[in-house]
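Novice:
As structure tokens, this is what we get:
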């Protein structure tokens, strides 16, 4: 219904889009900027009188305000603009926030939105749903180690799916080592799958073949390393930047794996 609040995921997406285009400056300025984005997306706003720009509807103000404070608590926005305007209602992007809003891709601070973006490529199975919802929720709670472990588990699940597809589609017995490593350590399975795919990647379409080393082998290794670091007391902890990169790159890795499974 028209008088219902805009969904949180949709409103947050419009707010991120506004931040990519211009600084928020003041709270009311940010509201106006976001209203402009909503209007461009043909979402309900309060029409401006006498040629004035649109504004956020009263029914959306609470969610807007709550999301602003989410951004502040997450370190994306800070109160204040400069030395002369250092307090509320002035707002500005933090150094981290600038990197975050310009990164694009799924919103890793929004568990529901993150999963929805992934599901647009291909529906999530129950295991992906379990691990990735926890990964995004942990990142949002500023628990990068927990996020890295969950992304690593989701990545290993994809590796197992790819190994199963290789074994199921191999007619010549060339996947024996992959099958033997199916229930072994993830690194050994990754290496065996890579060895199997190396001479066969030229048969894949160009984008998949070119993504073999970077998207598959490279990203998989990076995510696995983060998971190991996060889950081992003798290794270094994972910081927020690394967990963010893992979550940002995972969708690309996932698309590659499923595209190869479809091509087998």
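Residue numbers (the numbering used here): 26 to 289. All C-beta atoms, glycine included, are put in the ideal place defined by N, C-alpha and C. This one's a predicted model, so the numbers in the text were calculated from it and none came from an experiment.
Near residue 287, what residues of its chain come up, given a Cβ to Cβ distance below 8 Å and the 5 sequence neighbours on each side ignored?
Specialist: So no residue of the chain qualifies.
Novice: Kindly indicate the opening and closing residues of the alpha helix (DSSP H) around residue 115.
Specialist: That residue, residue 115, is in no alpha helix (DSSP H); its beta strand (DSSP E) goes 115–118.
Novice: For residue 221 and chain D, any beta-carbon pair shorter than 9 Å?
Specialist: Of the protein chains in the structure, only one exists, and it is not chain D.
Novice: In terms of residue numbering, what span does the beta strand (DSSP E) encompassing residue 102 cover?
Specialist: It spans 102–104 - the beta strand (DSSP E) in which residue 102 sits, taken as one unbroken run.
Novice: With contact counted as at least three CB pairs below 8 Å, one residue from each stretch, are the segment 149–156 and the segment 171–184 in contact?
Specialist: Touching, per the Cβ criterion.
Novice: If you pair each beta-carbon of the segment 121–133 with each one of the segment 93–112, do three or more pairs fall below 8 Å?
Specialist: With the cut-off at 8 Å, the segment 121–133 and the segment 93–112 touch.
Novice: Does the beta-carbon distance from residue 34 to residue 119 come in below 9 Å?
Specialist: For residue 34 and residue 119, no; Cβs fall outside 9 Å.
Novice: Per DSSP, which one or two residues make a beta bridge with residue 80?
Specialist: BP columns for residue 80 point to 71.
Novice: Please classify residue 279 as buried or exposed, where buried requires at least 16 other C-beta atoms within 10 Å of its C-beta.
Specialist: Under this definition residue 279 is a buried residue.
Novice: Using a 10 Å radius around the Cβ and a threshold of 16 neighbouring Cβ atoms, would you call residue 267 buried or exposed?
Specialist: Answer is buried; the Cβ neighbour count reaches 16.
Novice: Is residue 82 near residue 71, with beta carbons less than 9 Å apart?
Specialist: Yes, Cβ-Cβ distance for residue 82 and residue 71 is below 9 Å.
Novice: Going by the CB atoms, is the gap between residue 217 and residue 117 shorter than 9 Å?
Specialist: Contact: no.
Novice: Alpha carbons only, please: which of 146, 269, 210, 227 is nearest the one belonging to residue 20?
Specialist: Residue coverage of the chain in this structure runs from 26 to 289, which leaves residue 20 outside it and unanswerable.
Novice: What does DSSP give as the partner residues of residue 110 in its beta bridges?
Specialist: In the DSSP output, where bridge partners are listed per residue, residue 110 has 107.
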